[in-house]
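Taking it in order: structure first as structure tokens, then the write-up.
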Amino acid sequence: MSDLPRCAKKQLVIEPVGFLVWCRWIWSEFNPRVWLSDTARGGAAVRENSMSLATHFCRRLSVLAAAAVVSGLAWTSSVSAQTLETALGQAYVNNPSLNSQRAGTRATDESVPQALSGYRPNVSAGASVGGQYARTNSSGTIATNSLVPRSVNLTVSQTIFNGFLTASTTQKAESSVKGSRETLRNTEQTILLNAVTAYMNVLQGIALLELQNQNLAALQQELRATRDRFNVGEVTRTDVAQAEAQVATANYQVAQAVANLQAYKATYRQVIGVEPGKLTAPKSIEFMLPPTVDKAVAAGLSTHPAIQASKFAVDAAMFQVKMSEAGLAPVVSVQGQLAQGYDQNSAVDSTSSASVALNLTVPIYQGGAEYSAIRQSKELLTQARIEVDVNRDTVRANTVQYWGALEAAKAQIQSAQASVAANTLALEGVREEWRVGQRTTTDVLNAQTDLTTSKSNLVTAQRDRVVAAYSLLSSVGKLDAVTLGLKVPVYDARVHYDQVRDAWAGIRTPDGK
Numbered sequence: 001m002s003d004l005p006r007c008a009k010k011q012l013v014i015e016p017v018g019f020l021v022w023c024r025w026i027w028s029e030f031n032p033r034v035w036l037s038d039t040a041r042g043g044a045a046v047r048e049n050s051m052s053l054a055t056h057f058c059r060r061l062s063v064l065a066a067a068a069v070v071s072g073l074a075w076t077s078s079v080s081a082q083t084l085e086t087a088l089g090q091a092y093v094n095n096p097s098l099n100s101q102r103a104g105t106r107a108t109d110e111s112v113p114q115a116l117s118g119y120r121p122n123v124s125a126g127a128s129v130g131g132q133y134a135r136t137n138s139s140g141t142i143a144t145n146s147l148v149p150r151s152v153n154l155t156v157s158q159t160i161f162n163g164f165l166t167a168s169t170t171q172k173a174e175s176s177v178k179g180s181r182e183t184l185r186n187t188e189q190t191i192l193l194n195a196v197t198a199y200m201n202v203l204q205g206i207a208l209l210e211l212q213n214q215n216l217a218a219l220q221q222e223l224r225a226t227r228d229r230f231n232v233g234e235v236t237r238t239d240v241a242q243a244e245a246q247v248a249t250a251n252y253q254v255a256q257a258v259a260n261l262q263a264y265k266a267t268y269r270q271v272i273g274v275e276p277g278k279l280t281a282p283k284s285i286e287f288m289l290p291p292t293v294d295k296a297v298a299a300g301l302s303t304h305p306a307i308q309a310s311k312f313a314v315d316a317a318m319f320q321v322k323m324s325e326a327g328l329a330p331v332v333s334v335q336g337q338l339a340q341g342y343d344q345n346s347a348v349d350s351t352s353s354a355s356v357a358l359n360l361t362v363p364i365y366q367g368g369a370e371y372s373a374i375r376q377s378k379e380l381l382t383q384a385r386i387e388v389d390v391n392r393d394t395v396r397a398n399t400v401q402y403w404g405a406l407e408a409a410k411a412q413i414q415s416a417q418a419s420v421a422a423n424t425l426a427l428e429g430v431r432e433e434w435r436v437g438q439r440t441t442t443d444v445l446n447a448q449t450d451l452t453t454s455k456s457n458l459v460t461a462q463r464d465r466v467v468a469a470y471s472l473l474s475s476v477g478k479l480d481a482v483t484l485g486l487k488v489p490v491y492d493a494r495v496h497y498d499q500v501r502d503a504w505a506g507i508r509t510p511d512g513k
């Protein structure tokens, strides 16, 4: 055991109590001395006919198979089966919401080169062509003149000073890009957690459906035995009706379990992008979690992407204030122009000109809109700062909640394991007493229902433990492809940013679109 990886050790110790209960129960169920004592216990011949040794064996084997379903949620293993890690990798690559957010992040990257364009010159070219016709009459002499004036020009302008508007715009764009990356990280966490939940719901749905089928089979067997005893006068018609009612309820529960499983599979397809195959139980990730709730809260407050994104939103809002204030500053620019004209008049064939001008624009009053924009941006900055506190409180509350949910799931597993063991023994005892007339049919049916309920609770608790562990990992900001070791290419948002940041021209995206 000491040579196993840490994660393997965690997996093996998930269900030690359940394994010991299994060993004890299997021995008690299939011990030959118990069978012999059951057979030799006496009783009327008709009772032996209604519950033969073969029937007793089949019933115990049926209960064993049902318990195997519960245990299977924690111990399923298949070489060709689909693992949770594989499903998470598929969701990471295929999920449309995640891919949409990635495209949005790439679009946000373009705000930086747009802002940087304020440092660059504006170059434009112009051309004109026209027609001119003149007819003059001087002392009876008529003269006509026609021209085709043409001109071309090239204009270059460069902003020298604009109240640091370009610098503030660039810094705001860079803060927005960083915030978009954190938003993408948060979306990745949400999608991966949704994938975990979808995976575990399907696994739970399969186990619960099998349990309901086993419960239906057991109740149908009880109904047959009750009818046999009714035919020989040992029980009343009421006992038969009670058994029939339980079978009808079990049929409904099977149908409900089928419907739930279909819904779980549909959600699985929506989140992960493929139909669920043969799913296996996930490995434990609890070794990745902080050791205490206080450390978990501290980790979440320092690394959670929602908090980081809101901090970058504050930075962007601060630069927006500076951008608004730049509207009150003077603007200095320089402009140069080259022009060439032809046939501008009848006396000159062509003209050439060059000019350079230094322009100064001082805003004095623009209707008050500039002052309103400054006040508005300051209020938006206040809102952004409050959002940071809101996200911190949310992360703190979620971390404590998920920590408690994980601890509760662990306790529920232990309780459910004990309940399964106790209800299994209780059901066998009630059946034995029913065969000798010391228990009613209702007692047997209730015991069977209690056992099915306890097994269902165990399945649900095992599912809740896995989901709570991943939820806690998400609340501390570590539910990502790198931490989980997913075998997929990790999306790096910086690659696209580096490709477009300093691009001066080009209409194609880096991937050729």
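Numbering (full-length UniProt numbering), first residue to last: 1 to 513. Where is the CB? At the ideal position from N, CA and C, for every residue including glycine.
By the neighbour-count criterion, in which 16 or more other beta carbons inside 10 Å mark a residue as buried, G477 falls on the buried side. Here A369 is not near Q335, since their CB atoms are 8 Å or more apart. In this structure, A461 sits near I413, with a CB-CB distance shorter than 8 Å. Judged by beta-carbon spacing, V500 lies within the 8 Å limit of E110, meaning their Cβ atoms are closer than that value. The beta-carbon distance between P121 and Q82, rounded to whole angstroms, is 58 Å. This is too long to meet the 8 Å contact definition. Counting other Cβ atoms within 10 Å of its Cβ, D239 reaches 16 or more and is therefore classed as buried. Excluding the 5 residues flanking it on each side, A91 has same chain C-beta neighbours closer than 8 Å at L98, I191, L192, N194, A195, V271, I272, G273, in chain order.
If you check the CB distance, A397 and F164 do not come in under 8 Å. Bridge partners of I374 according to DSSP: none are assigned. For the options A416, R385, S353, I507, the alpha carbon positioned closest to that of V152 is the one of S353. DSSP places F164 in the coil class of the three-state scheme, outside both helix and strand. Between the stretch 218 to 238 and the stretch 283 to 293, the count of Cβ pairs shorter than 8 Å is below three; the stretches do not touch. Under DSSP, the beta-bridge partners assigned to I142 are N137. Here DSSP, grouped into helix, strand and coil, assigns T424 to helix. Nearest Cα to S310 within the set T183, P96, K487, A263: T183. Taking the C-beta atoms as reference points, P291 is found no nearer than 8 Å to L328.
A residue is called buried once 16 or more other Cβ atoms fall within 10 Å of its Cβ, and L88 is buried on that count.
For the pair of segments examined, the stretch 343 to 352 was found not to touch the stretch 195 to 206: the number of CB pairs separated by less than 8 Å stays below three. Residue pairing by DSSP places R150 opposite V129, Y342 in a beta bridge. Q335 carries a strand assignment under DSSP once its states are collapsed to helix, strand and coil. Under the DSSP assignment, D349 falls in the beta strand (DSSP E) whose first and last residues are 348 to 361. Just measuring C-alpha positions, the residue of L208, Q253, S100 sitting nearest L458 is L208.
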